[in-house]
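Novice: Can you keep this structure in mind? I'll have questions shortly.
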Amino acid sequence: MEPTSAQTVREAILDRVAEELAAKGLTPSDVPDSFDLLLEGVIDSFGVVEMIMMLEERFGMAFDFDELPADDLTRIGALSEYVESKNGPT
Amino acid sequence: MRIKSTTLASGFVAAAERFPNRPALAVAGEELTYAELLARARAIATRLAENEPDGGRLLTAVVGARSSGTFAGILGVLLRGHGYVPINPRYPSARNREILERSRCRALVVDSEFATAANSAIEGLMDPPLLVQTDDIPQRSLVDLAEPGMNDPAYLLFTSGSTGRPKGVLVTHANARAFLSAVEERYDVDETDRLSQLFDLTFDLSVFDMFVAWERGACVCCPSERQLLEPSRYVRDSRLTVWFSVPSAAMIMRRLGALKPNAFPELRLSLFCGEALPADLAAAWSKAAPNSVLENLYGPTEATVACTAQSWPPPQAANGLVPIGRPFGQTVTRIVDDALEEVPSGEQGQLFLAGPQVVARYLDDGDATEQAFVTLPGVGRGYLTGDRVRQAKEDAPLEYLGRLDSQVKVLGHRVELGEVEAALREEARADAVAVGWPRTPSGAGGIVAFVADTLLDRVRLRQSLSARLPDYMIPREVHLVSALPLNANGKHDRNALVALLEAD
């Protein structure tokens, strides 16, 4: 499994939604950590689940929804940090 | 003001007179009583009447999503005696403009929150409708309001059309009344109930959310998308007693770990409709909501919201799906073959629906009307659903087996793949095929497209599709291929494309 830093996770997320971002005229560097993928209409609740599946598979971790507030689930910075905390560089 | 006891507006007015101080609507942190919602709706109806003293046309558009102004707008249009035409502000302007043109609305009611979408929808229209904002209308005494007849439209909804043109389904007050009477008898909602409002207002299942509640003094509760990521907290905090959603919403909750045993002890009734309900999902839900009756409902827009139901647990679920059960109310069902002959018990065929919930026709589309609305000897005129069903034996529940055509469901929305393909071909200027793909990682269905152009700019394609199709019709994935496989008949081979996806 590749070492997981929040930056790597962020890139994986942005890569996953690259087409949707581009269609909205955004480039990955425009996207601040507070960017909310759901509220900005980049993904729907369907997409949230697909994103989680992708992150679990790619980074060999499992989400525990009891410890992750729903607000953090769709914000790119908080989501990246959560994945790092579950499987960070040691 | 006198309103017949049979229209959508009259039930709300009667409940408001009985329960003026009970909550009617909880949305975006705001709770409105029946008296408050009625006052806002009356002001809007008055404004509409003042601007159209001749009674005007029979349909008025409402642009909006879940907001108090939008709900007051729908009620205001109905109090005015018009049918409402819901328009989703997030759908492309071109699509919304087409709806306005075809429905010939003279007025458009909009909450200021959605005014931008309303303005871009009417941009370029030769004879734009009058824009009525739902906020800042002074509450004034009513002028005489028109009273609709039972055969006047209650609402007009548009659903996907296989030729690329959406089909308008015109539902009358008589259709709506037949549905509401049947449902009220079945579920006995009362003023202590609080119902979830999850369906888009352009989707006819929202008619259940609003009017089943508003005829009985119950409260309509609208969660935000974010609150839906924590459903057990929302159900608890808003004291919901009735849950109604598409099965996909429950599937997403299960994936998010939200369907834990006893997660929703408050619910007394859980209803699912809009797409097939997997039996394992229903079992998980009934453990999460142990004090709730669970029912699977079925019904196309053409038969007004829902017309058959099956209680959980069913006697059988042979194909892994909860059956769609038996007709309720005055709906009559038959299973027919291509020659419209009834098939024997145990054999599959097409489901035909008749009765007062079935609408008469599509808007301005004689060909589609003629194909779908037919007369069955001994039964009468009804609607051919395109749904493949079976009944194991006489009086057994109806089992849903699939479609006879290329319609698929995405989050409960009907999508004709032909409509997506027509858009893909025009925008990509290349041959294209769309397939329904049930096994996306979220466990619910989506659309995957194949386009015969390996050099195509996918971002530009997505942009141009977004300008003409609602989000749920836009393919989740677009695969570029050098050529599309053909079958022995020279037609696109969907099965070969699905095999490609399965091999992935």
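Chains A and B, in that order, give the protein sequences. Just so you know, our numbering puts the end of the first sequence at 74, numbered straight through with nothing missing. Just so you know, our numbering puts the end of the second sequence at 508, numbered straight through with nothing missing. Beta carbons: idealized from backbone N, C-alpha and C, even for Gly. None of the values given here were measured: they were computed from a predicted structure.
Can you check DSSP and say which residues form a bridge with ILE451 (chain B)?
Specialist: B:GLY440.
Novice: Can you name the residues of chain A whose CB is closer than 7 Å to the CB of GLN467 (chain B)?
Specialist: Within chain A, the residues near GLN467 (chain B) are ALA7.
Novice: When the Cα of GLN395 (chain B) is compared with those of B:GLU151, B:PRO227 and B:ILE328, which residue comes out closest?
Specialist: Comparing Cα positions, the closest option is B:ILE328.
Novice: From the beta carbon of GLN231 (chain B), is the nearest beta carbon of chain A less than 9 Å away?
Specialist: Cβ-Cβ to chain A under 9 Å: yes for GLN231 (chain B).
Novice: So what's ARG258 (chain B) in DSSP terms, helix, strand or just coil?
Specialist: In the structure shown, ARG258 (chain B) sits in a helix (DSSP, three-state: H, G or I).
Novice: Taking C-beta pairs closer than 7 Å, name the residues in chain A that LEU260 (chain B) reaches, listed in chain order.
Specialist: Ordered by position in chain A, the residues that pass the 7 Å Cβ test against LEU260 (chain B) are VAL33 and PHE49.
Novice: Between B:PRO265, B:THR373, B:LEU202 and B:ALA438, which lies nearest to GLU288 (chain B) when the distance is taken from Cα to Cα?
Specialist: It should be noted that the sequence gives Ala, not Glu, for residue 288 (chain B). Checking every option, the nearest Cα to that of ALA288 (chain B) belongs to B:PRO265.
Novice: Hey, would you say GLU117 (chain B) sits closer than 9 Å to GLY73 (chain B), going by beta carbons?
Specialist: Contact flag set, yes.
Novice: Under 9 Å between C-beta atoms, does LEU205 (chain B) make it to chain A?
Specialist: No, its Cβ sits nowhere closer than 9 Å to a Cβ of chain A.
Novice: Can you pull the chain B neighbours of ALA62 (chain A), defined as C-beta to C-beta under 9 Å?
Specialist: The premise fails here: ALA62 (chain A) is roughly 13 Å from chain B at the closest Cβ pair, so nothing lies under 9 Å.
Novice: Is it true that the CB of THR458 (chain B) sits closer than 9 Å to the CB of LEU484 (chain B)?
Specialist: Yes, Cβ-Cβ distance for LEU484 (chain B) and THR458 (chain B) is below 9 Å.
Novice: In chain A, which residues lie with their C-beta within 8 Å of the C-beta of GLU234 (chain B)?
Specialist: What GLU234 (chain B) touches in chain A: ALA54.
Novice: I'd like to know whether the C-beta of GLY450 (chain B) is nearer than 9 Å to at least one C-beta of chain A.
Specialist: Yes, its Cβ sits closer than 9 Å to a Cβ of chain A.
Novice: Since LYS495 (chain B) sits in a beta bridge, which residues does DSSP pair it with?
Specialist: Answer is none; LYS495 (chain B) lacks a bridge partner.
Novice: What residues of chain A sit near ILE256 (chain B), judged by a beta carbon separation below 9 Å?
Specialist: The contacting residues are SER29, PHE30, VAL32 and VAL33.
Novice: In chain order, what residues of the same chain lie with their CB nearer than 7 Å to the CB of ILE7 (chain B), ignoring the 5 residues before and after it?
Specialist: Interpretation of ILE7 (chain B) is limited by its pLDDT of 37, a score under 50 that renders its predicted location unreliable; the figure taken from the coordinates is listed afterwards. The residues are ALA13, SER14, VAL17 and GLU151.
Novice: What do you get for GLU21 (chain B), buried or exposed, if any count of 16 or more other CB atoms within 10 angstroms of its CB means buried?
Specialist: Exposed is the call here.
Novice: Are there 16 or more other CB atoms within 10 angstroms of the CB of PRO348 (chain B), so buried, or fewer, so exposed?
Specialist: When all chains shown are included, PRO348 (chain B) counts as exposed.
Novice: Quick check: the region 250 to 264 of chain B against the region 272 to 279 of chain B, are at least 3 beta-carbon pairs closer than 8 Å?
Specialist: Yes: the two stretches touch, three or more of their Cβ pairs being nearer than 8 Å.
Novice: Taking the continuous beta strand (DSSP E) assigned at ILE36 (chain A), which residues delimit it?
Specialist: Element bounds for ILE36 (chain A): not the beta strand (DSSP E) but the alpha helix (DSSP H), 29 to 43.
Novice: Can you find a C-beta in chain A that's less than 9 Å from the C-beta of ARG462 (chain B)?
Specialist: Yes, its Cβ sits closer than 9 Å to a Cβ of chain A.
Novice: What is the DSSP secondary structure of ASP20 (chain A), counted as helix, strand or coil?
Specialist: Residue state, collapsed to three classes: strand.
Novice: By the three-class DSSP mapping on this structure, what secondary structure does PRO174 (chain B) have?
Specialist: Note that residue 174 (chain B) corresponds to Leu in the displayed sequence, not to Pro. Strand at LEU174 (chain B).
Novice: How far does the alpha helix (DSSP H) with ARG429 (chain B) in it extend, from its first residue to its last?
Specialist: Counting along the chain, the alpha helix (DSSP H) containing ARG429 (chain B) begins and ends at 421 to 432.
Novice: Under a three-way DSSP split, which group does LEU5 (chain A) fall into?
Specialist: Three-state DSSP puts LEU5 (chain A) in a helix.
Novice: When we look at the beta-carbon of GLU374 (chain B) and count the other beta-carbons within 10 Å, is it buried (16 or more) or exposed?
Specialist: Exposed, by the Cβ-count rule.
Novice: Please list, in chain order, all residues of the same chain as ARG365 (chain B) whose beta carbon is under 6 Å from its beta carbon, the five residues on each side excluded.
Specialist: Excluding residues within five positions, the ones whose Cβ falls inside 6 Å are THR373.
Novice: Could you tell me which of A:LEU(-2), A:ARG42, A:GLU40 and A:TYR66 sits nearest to PRO16 (chain A), measuring between CA atoms?
Specialist: Ranking A:LEU(-2), A:ARG42, A:GLU40 and A:TYR66 by Cα distance to PRO16 (chain A) puts A:LEU(-2) first.
Novice: Please list the partners that LEU22 (chain A) has in chain B, where partner means a Cβ-to-Cβ separation under 9 Å.
Specialist: Residues of chain B passing the Cβ test: GLU229, ARG230 and LEU233.
Novice: Note down, one range per segment and in chain order, each alpha helix (DSSP H) of at least 4 residues found wholly within the region 73 to 136 of chain B.
Specialist: Counting only runs of 4 or more, we get 97 to 107 and 119 to 126.
Novice: Check the Cβ-Cβ distances between MET5 (chain B) and every residue of chain A, and say whether any is below 9 Å.
Specialist: Only weak support is given to the placement of MET5 (chain B): the predicted model assigns it a pLDDT of 36, under 50, and the question is left unresolved by the model.
Novice: With 8 Å as the C-beta to C-beta threshold (strictly closer), list the residues of the region 407 to 429 of chain B near chain A in chain order.
Specialist: Of all residues in the region 407 to 429 of chain B, LEU415 have a Cβ within less than 8 Å of some Cβ in chain A.
Novice: Using a Cβ-Cβ distance under 9 Å, would ARG70 (chain B) count as near chain A?
Specialist: ARG70 (chain B) does not count as touching chain A.
Novice: Between VAL67 (chain B) and ALA122 (chain B), how many whole angstroms is the CB-CB distance? I'm expecting something under 8 Å.
Specialist: That pair is a contact at about 4 Å.
Novice: Return no unless some Cβ of chain B is closer than 9 Å to the Cβ of MET45 (chain A).
Specialist: Not an interface residue.
Novice: Would you say ILE(-3) (chain A) reaches chain B, if we count a Cβ-Cβ gap shorter than 9 Å as a contact?
Specialist: Chain B, which has no Cβ nearer than 9 Å to the Cβ of ILE(-3) (chain A), makes this no.
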